[in-house]
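J.: Per the working numbering, the very first residue in the sequence shown carries number 2; after that it's consecutive. Before anything else, here's the structure in question.
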Amino acid sequence: MSGIGAIVAGFVVPLAVFGLWLHHEAASRGGVPAYVVRLTLPDGTRPIDLPPIEGPADASRPLVVIDAGHGGHDPGASGPGGEHEKALTLALALAVRDALIADGRVRVALTRSDDRFLVLQERAGIARRLHADLFLSIHADAIEGAGASGATVYTLSDKGSDALADAVAARENRVDVVNGVSLGGKDDAVSQFLVDLSQQRMRASSQGFAALIRREGEGHFRFRDAPLQQAAFVVLKSLDVPSVLLEAGYISSDEDVGEMRSRRWRDDFGRAVARAIEIFLADQNGTPGV
Ligand code: ZN
Numbered sequence: 002m003s004g005i006g007a008i009v010a011g012f013v014v015p016l017a018v019f020g021l022w023l024h025h026e027a028a029s030r031g032g033v034p035a036y037v038v039r040l041t042l043p044d045g046t047r048p049i050d051l052p053p054i055e056g057p058a059d060a061s062r063p064l065v066v067i068d069a070g071h072g073g074h075d076p077g078a079s080g081p082g083g084e085h086e087k088a089l090t091l092a093l094a095l096a097v098r099d100a101l102i103a104d105g106r107v108r109v110a111l112t113r114s115d116d117r118f119l120v121l122q123e124r125a126g127i128a129r130r131l132h133a134d135l136f137l138s139i140h141a142d143a144i145e146g147a148g149a150s151g152a153t154v155y156t157l158s159d160k161g162s163d164a165l166a167d168a169v170a171a172r173e174n175r176v177d178v179v180n181g182v183s184l185g186g187k188d189d190a191v192s193q194f195l196v197d198l199s200q201q202r203m204r205a206s207s208q209g210f211a212a213l214i215r216r217e218g219e220g221h222f223r224f225r226d227a228p229l230q231q232a233a234f235v236v237l238k239s240l241d242v243p244s245v246l247l248e249a250g251y252i253s254s255d256e257d258v259g260e261m262r263s264r265r266w267r268d269d270f271g272r273a274v275a276r277a278i279e280i281f282l283a284d285q286n287g288t289p290g291v
């Protein structure tokens, strides 16, 4: 039981006993209870706590949210030696974070920095609530069949973009701001047009970041054939944050697992990905040359 659960239970049980006694007293006098005690219990729908923002204290610096895939009771894929994807993704996310902090150019937050479970919407939700400029989800899934190895960089697919428009409409009780463009008071056709424009811009931006990871990663970590891919990942269905899902390697590949388990390899990976992040965010902010 959680701390708050214990506290609530600590109140509920004595209150229930008190209530029964009160009811008994009132009933014995032939009346109704003189007092009604109402207690609001936690409903579990409150948003999760936001993670700390690390790096420069200057709030005008761009912010990247790095998401270590899986966690807690969701181990992700498993490797031949019993490795859990959730542990590799966290180690890789920490390596990218450390490289960014060492450079001191951008601010960084992790969706998780320990072994905890988050639903997909919470991961992108953290980026939105922190007003992040970029979102990077790191995975290392298994793949059927032998021989596949190397990294893949995913952006949201066209197929997913219809659902994306729906998700934007439904998000945060129909919040009427998309990318700072107020949709309130516009008719549906105009609103849809703005959402489509926003989607196109975000997808182009995300694909630009994916290409930067490919470019900066070259010579530091291996990519699979045709490494730039598009797919309908739920965690990427976020309009107002350019987002990429990076499969750093396949946990089903002995070669990939061997590399990802190496601290030295992860540090090199972290520096290359950090460089791609810094270049992307510098371009976004109109800062020439990092
Ligand atoms: Zn995964």
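Glycine included, C-beta positions come from ideal geometry on N, C-alpha and C.
Under 8 Å, with one C-beta from each stretch per pair, do the stretch 203-221 and the stretch 240-252 reach the 3-pair mark?
T.: With a cut-off of 8 Å, the stretch 240-252 and the stretch 203-221 count as touching, because enough Cβ pairs lie within range.
J.: Just the Cα atoms here: how many angstroms apart are residue 101 and residue 132?
T.: For the purposes of this step, residue 101 is taken as residue 100 along the sequence shown, with counting starting at 1. For the purposes of this step, residue 132 is taken as residue 131 along the sequence shown, with counting starting at 1. Those two C-alpha atoms are separated by around 18 Å.
J.: When you compare the stretch 105-124 with the stretch 206-226, are there three or more beta-carbon pairs, one atom per stretch, that lie closer than 8 Å?
T.: no
J.: Within its chain, find whatever has a CB closer than 7 Å to the CB of residue 174; leave out the 5 residues flanking it on each side and keep chain order.
T.: Within the sequence shown, the letter at position 173 stands for residue 174. Confidence at residue 174 is low in this model, with a pLDDT of 24, below 50, so the placement of that residue should be treated as unreliable; the coordinate-derived value is given next. Result list for residue 174: empty, nothing under 7 Å.
J.: Pull every residue with its beta-carbon under 5 Å away from any heavy atom of the ligand ZN, and keep them in chain order.
T.: 70, 77, 140 and 142
J.: Are the Cβ atoms of residue 145 and residue 252 separated by less than 8 Å?
T.: As a first step, residue 145 must be located in the sequence shown, where it is residue number 144. As a first step, residue 252 must be located in the sequence shown, where it is residue number 251. Contact flag unset, no.
J.: Just to confirm, are residue 224 and residue 271 a CB contact at a threshold of 8 Å?
T.: For the purposes of this step, residue 224 is identified with residue 223 of the sequence shown, where counting begins at 1. For the purposes of this step, residue 271 is identified with residue 270 of the sequence shown, where counting begins at 1. Not closer than 8 Å, so no.
J.: Out of 258, 232, 67 and 228, state which residue places its alpha-carbon closest to the alpha-carbon of residue 135.
T.: The residue labelled residue 135 in the question sits at position 134 within the sequence shown. Among 258, 232, 67 and 228, the Cα nearest to that of residue 135 is on 67.
J.: Over what stretch of residues does the beta strand (DSSP E) that includes residue 119 continue unbroken?
T.: For this step, residue 119 is matched to residue 118 along the sequence shown. Taken as a continuous stretch (DSSP letters only), residue 119 belongs to no beta strand (DSSP E), as it is neither H nor E.
J.: In angstroms with no decimal places, state the Cα-to-Cα distance between residue 232 and residue 249.
T.: The residue given as residue 232 occupies position 231 in the sequence shown. The residue given as residue 249 occupies position 248 in the sequence shown. Taking the straight line from one Cα to the other gives about 16 Å.
J.: Pull up the distance between the alpha-carbon of residue 226 and that of residue 266, whole angstroms please.
T.: Locating residue 226 in the sequence shown gives position 225, counting from the first residue. Locating residue 266 in the sequence shown gives position 265, counting from the first residue. Spanning the two alpha carbons is a distance of roughly 20 Å.
J.: Of all the options 61, 81 and 112, which has the alpha carbon lying nearest to the alpha carbon of residue 91?
T.: For the purposes of this step, residue 91 is taken as the residue at position 90 of the sequence shown. The closest CA to that of residue 91, considering only 61, 81 and 112, is found on 112.
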